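All remarks here apply to the structure that follows.
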Amino acid sequence: MNANVESNVRPDYDPEIQAIADYVLGPPIESDTAADYVRGRPIESDTAWRTARHCLMDALGCGLLALDFPDCTRHLGPSIEGTVVPNGARVPGTAYRLDPEKAAWDTGALIRWLDFNDTWLAAEWGHPSDNIAGILAIADHLSQRKAAAGESGLAMHALMDAMIRAYEIQGVIALANSFNRVGLDHVVLVKVATTAVATALQGGSREQIMAAISHAWVDGQSLRTYRHSPNTGPRKSWAAGDAGARGLRLAQLALRGEPGVPSALSASQWGFYDVLFAKSNRDQQVRHPADRRFILQRELGSYVIENVLFKISYPAEFHAQTAVEAAVQLHSEVASRIDAIDYIEITTHESAIRIISKSGELNNPADRDHCLQYMTAVALLFGDLRAEHYDDAFHAAHPEIDRLRERITVTEDEQYSQDYLDPDKRSIANAVQVFFNDGSATEWIEVEYPIGHPQRRDEGIPARDQGV
Numbered sequence: 012m013n014a015n016v017e018s019n020v021r022p023d024y025d026p027e028i029q030a031i032a033d034y035v036l037g038p039p040i041e042s043d044t045a046a047d048y049v050r051g052r053p054i055e056s057d058t059a060w061r062t063a064r065h066c067l068m069d070a071l072g073c074g075l076l077a078l079d080f081p082d083c084t085r086h087l088g089p090s091i092e093g094t095v096v097p098n099g100a101r102v103p104g105t106a107y108r109l110d111p112e113k114a115a116w117d118t119g120a121l122i123r124w125l126d127f128n129d130t131w132l133a134a135e136w137g138h139p140s141d142n143i144a145g146i147l148a149i150a151d152h153l154s155q156r157k158a159a160a161g162e163s164g165l166a167m168h169a170l171m172d173a174m175i176r177a178y179e180i181q182g183v184i185a186l187a188n189s190f191n192r193v194g195l196d197h198v199v200l201v202k203v204a205t206t207a208v209a210t211a212l213q214g215g216s217r218e219q220i221m222a223a224i225s226h227a228w229v230d231g232q233s234l235r236t237y238r239h240s241p242n243t244g245p246r247k248s249w250a251a252g253d254a255g256a257r258g259l260r261l262a263q264l265a266l267r268g269e270p271g272v273p274s275a276l277s278a279s280q281w282g283f284y285d286v287l288f289a290k291s292n293r294d295q296q297v298r299h300p301a302d303r304r305f306i307l308q309r310e311l312g313s314y315v316i317e318n319v320l321f322k323i324s325y326p327a328e329f330h331a332q333t334a335v336e337a338a339v340q341l342h343s344e345v346a347s348r349i350d351a352i353d354y355i356e357i358t359t360h361e362s363a364i365r366i367i368s369k370s371g372e373l374n375n376p377a378d379r380d381h382c383l384q385y386m387t388a389v390a391l392l393f394g395d396l397r398a399e400h401y402d403d404a405f406h407a408a409h410p411e412i413d414r415l416r417e418r419i420t421v422t423e424d425e426q427y428s429q430d431y432l433d434p435d436k437r438s439i440a441n442a443v444q445v446f447f448n449d450g451s452a453t454e455w456i457e458v459e460y461p462i463g464h465p466q467r468r469d470e471g472i473p474a475r476d477q478g479v
């Protein structure tokens, strides 16, 4: 072929897109029509269903707590004041009935605002319950339409089935594929997962689901800029709601006949892999073509929701949970000797250092809840860590927090970093020790697994149900 002419042969959908569509829809029987698919291969794990219930309750609880914070609630309500939406989706804890896209945005902001919802940690980080916002919004809207037509609404079984699948899509992609290493934010996976399950919930065919997913990949993706020093800000609290809302929009486009972009990921020069997954952001090195493609470590099933991490004790970025727990244990020993502290040593893992270890002025609550030193200092000083401890007024009233931050050193333990990535361990370890001017020191307190980890599930679920 002439070098000046490009082939215009339309390819099949990327296998990664097909795998997601087949997972939410079911394996083909004879032909490529919706009628020939078994919608949603059954989720047979009792653990998955039981955990899905906990995840839904946990996310709603996080959202209801966020209603106490004006910085969050000012974002809520119709996009244009005074508009009314028939069969509008409801925003939990409010009187709003909104366009499902805006309801997803609002619900997502509520769930995520206090950094208290569940977590997934692997090569990529994230919060699978971010998907609940879009699922709730479209499910409520569909149920209201059905009720208006005299039909039964969606069963909770359908909603939780969509949850399990959204968790799985986001989490399995995250296992071995680091978006943060190329500077992208993890909410891209919320958009992809919500898009897939929302299209399926509304009766989309395999072709429509693949089309919608492809648009999620070519959409252009959020940068992690707003999660990292020196630009950390409240956008990190509504970014997932924004992604979920976009997922509903893309589902609608596909359901209305918008054609897909089959090689959205793999297209040479123009696809996601070459444009957004080809260069590491830290050293600006071009990655080998083989390293630009996603690795799916396991088949899509129910692994992620069965192993999801709950934030039970503290509204803290998950990599700091065990440091806060260790600091709380030390509080009674150090509270009366704060002025005698020489230095504090936190031993941690590489991901914590990369995400939340920072010095200098902390400019807003979002900045503080992503600072390992701030969270540890508060726990040492007050024996607890609550959402109010991040507020500007609290911070201004307690200059001793920043004075203590200045005395904290952070060291990586390579074994912690290895165990963090070990699929058989998946620990999130931290250790804290306080050293005094007279040469004495506290005990070295190590916490390997936070209370919301599957390793401590028997301890964590009762504590969560009691509102700890």
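Using the numbering used here, the letters of the sequence shown map in sequence onto residues 12 to 479.
A virtual CB, placed ideally from N, CA and C, is assigned to each residue, including glycine.
Quick caveat, the model's predicted, so the values are computed rather than measured.
Cβ-based neighbour list, residue i, same chain, cut-off 7 angstroms, excluding 5 preceding and 5 following
i	result
Arg-416	Gln-384, Tyr-385 and Ala-388
Gln-29	Met-221
Gly-72	none
Ile-224	Ile-28, Ile-31, Ala-32, Val-203, Thr-206 and Ala-207
Pro-22	Pro-273 and Ser-274
Gln-219	Thr-210, Ala-265 and Leu-266
Arg-348	Phe-447
Glu-399	Phe-405
Val-479	Confidence at Val-479 is low in this model, with a pLDDT of 44, below 50, so the placement of that residue is unreliable and no value is reported for it.
Ser-240	Lys-369
Distance CB(residue i)-CB(residue j) smaller than 8 angstroms
i	j	result
Gln-181	Ala-204	yes
Glu-361	Glu-459	no
Leu-77	Leu-121	For the sequence presented, residue 77 should be read as Ala rather than Leu. Against a cut-off of 8 angstroms, the Cβ pair of Leu-121 and Ala-77 comes out as a contact.
Ile-439	Phe-329	yes
Ala-251	Arg-101	no
Leu-392	Ile-419	no
Ser-140	Glu-317	no
Ala-185	Ala-134	yes
Pro-326	Leu-75	no
His-226	Leu-264	yes
Asn-142	Ala-169	no
Ala-337	Ile-456	yes
Val-199	Val-315	no
Glu-179	Gly-312	yes
Asn-128	Ala-70	yes
Leu-109	Pro-89	yes
Ala-187	Ile-364	no
Val-201	Ala-254	yes
Asp-7	Ser-233	Nothing in the structure corresponds to residue 7, since the chain is present only between 12 and 479.
Asp-378	Thr-236	no
Trp-249	His-86	yes
Ser-324	Ile-462	yes
Gly-271	Tyr-427	no
Trp-136	Asn-191	yes
Contacting residues, own chain, Cβ-Cβ under 8 angstroms from residue i (five flanking each side not counted)
i	result
Trp-60	Ile-54, Met-171 and Ile-175
Leu-132	Leu-320, Phe-329, His-330, Ser-362, Tyr-431, Arg-437 and Ile-439
Ser-163	Lys-157
Asp-285	Ala-278, Ser-279 and Arg-303
Asp-230	Lys-202, Arg-257 and Leu-261
Cβ-Cβ separation, residue j to residue i (assumed contact under 8 angstroms), whole Å
i	j	result
Asn-292	Gly-194	4 angstroms
Gly-99	Ala-114	7 angstroms
Pro-97	Ile-149	Not a contact, Cβ separation roughly 15 angstroms.
Pro-376	Asp-402	6 angstroms
Leu-276	Trp-228	6 angstroms
Arg-217	Leu-36	5 angstroms
Gly-390	Val-335	Reading off the sequence shown, one finds Ala at residue 390, where the question assumed Gly. With 8 angstroms as the limit, Ala-390 and Val-335 qualify as a contact, their Cβ atoms being about 5 angstroms apart.
Glu-356	Gln-444	5 angstroms
Own chain, CB closer than 6 angstroms to residue i, minus 5 neighbours either side, in chain order
i	result
Ser-368	Leu-383 and Val-421
Gly-215	Leu-266
Thr-44	Confidence at Thr-44 is low in this model, with a pLDDT of 43, below 50, so the placement of that residue should be treated as unreliable; the coordinate-derived value is given next. Around Thr-44: no qualifying Cβ.
Phe-446	Asp-353, Tyr-354 and Ala-452
Thr-358	Thr-422, Asp-424 and Ala-442
Arg-238	Lys-247
Ala-351	Phe-447 and Asn-448
His-464	Leu-320
His-381	Thr-243, Glu-328 and Ile-367
Val-339	Ala-390 and Gly-394
is_contact[residue i, chain B] using C-beta, thresh 8 angstroms
i	result
Val-286	Among the protein chains of the structure shown there is no chain B, as only one such chain exists.
- Message: Runs of 4 residues minimum, wholly inside the stretch 295-363: which ones carry the alpha helix (DSSP H) assignment?
- Response: Listed in chain order, the complete alpha helix (DSSP H) runs (minimum 4 residues) inside the stretch 295-363 are 314-318 and 332-345.
- Query: Hey, which unbroken runs of the alpha helix (DSSP H) at 4 residues or more fall wholly within the stretch 76-124?
  - Reply: Contiguous alpha helix (DSSP H) elements confined to the stretch 76-124 occur at 81-84 and 111-123, taking only those with 4 or more residues.
- Along the chain, which unbroken stretches of the alpha helix (DSSP H) at least 4 residues long are found entirely within the stretch 366-443? The qualifying runs are 376-379, 383-393, 403-408, 411-416 and 425-432.
- Task: Would you be able to state if there are at least three C-beta pairs under 8 angstroms between the stretch 276-289 and the stretch 297-315?
- Result: Cβ pair count under 8 angstroms is three or more, so yes.
- Task: With a floor of 4 residues, list each alpha helix (DSSP H) that falls wholly inside the stretch 147-211, ordered by position along the chain.
- Result: You should have 167-187.
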